[in-house]
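One structure is given below, encoded as structure tokens.
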Amino acid sequence: MSALKRFEIEELNRQQKSKNENDDQKESDELGDVNTIEPMLPTSPILKLQVPTILKRNDSIVYIEYKIDELLNRIEMMKKYQEQRRQKRINNNSININNIV
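Residue numbers for the sequence shown follow my numbering, so the first one is -14 and each next one is one higher.
Set out below in structure tokens:
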């Protein structure tokens, strides 16, 4: 086997190995991070809320209404959360009182 032929075979082997490594990397990138945790409450600050692309800057009234709706939704969510915490505290206190008596 000539030196040129041997060189061509080695080059093809290197290219195939490189391609396989790239394919493996792509597969691991596509799988993503399996340890991510989804937040239960929205974590974006109110000032950084995104406006749907349908709205244009000229629609300032619609934009303001959208922001107000978003704020009201967040307030409602926080009220529900606080009520749940309050109920949980009441239940825990009643359990503790029953244990004392």
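Cβ coordinates follow ideal geometry from the N, Cα and C atoms, glycine included.
Would you report the Cα separation of residue i and residue j, rounded to the nearest angstrom?
{"i": "GLU61", "j": "GLU6", "result": "51 Å"}
{"i": "SER79", "j": "VAL47", "result": "48 Å"}
{"i": "ASN77", "j": "GLN67", "result": "15 Å"}
{"i": "LYS4", "j": "ILE(-6)", "result": "15 Å"}
{"i": "ILE49", "j": "MET63", "result": "21 Å"}
{"i": "LYS(-10)", "j": "LYS2", "result": "19 Å"}
{"i": "LYS52", "j": "ASN58", "result": "10 Å"}
{"i": "ASP54", "j": "ILE75", "result": "31 Å"}
Give me, in chain order, the residues of the same chain whose beta-carbon lies closer than 8 Å to that of residue i; leave out the 5 immediate sequence neighbours on both sides.
{"i": "LYS65", "result": "none"}
Determine, using beta carbons only, whether residue i comes closer than 8 Å to chain B.
{"i": "GLU(-4)", "result": "Checking the listed chains, one finds no chain B in this structure; it contains a single protein chain."}
Which same chain residues, not among the five before or five after residue i, have their C-beta less than 6 Å away from its C-beta?
{"i": "SER45", "result": "none"}
{"i": "GLN72", "result": "none"}
For residue i, which residues of its own chain have a beta-carbon under 7 Å away from its beta-carbon, when the five flanking residues on both sides are left out?
{"i": "ARG70", "result": "none"}
Does the beta carbon of residue i fall short of 7 Å from some heavy atom of the ligand COA?
{"i": "GLN69", "result": "Ligands are entirely absent from the displayed structure, and the ligand COA is therefore not among its contents."}
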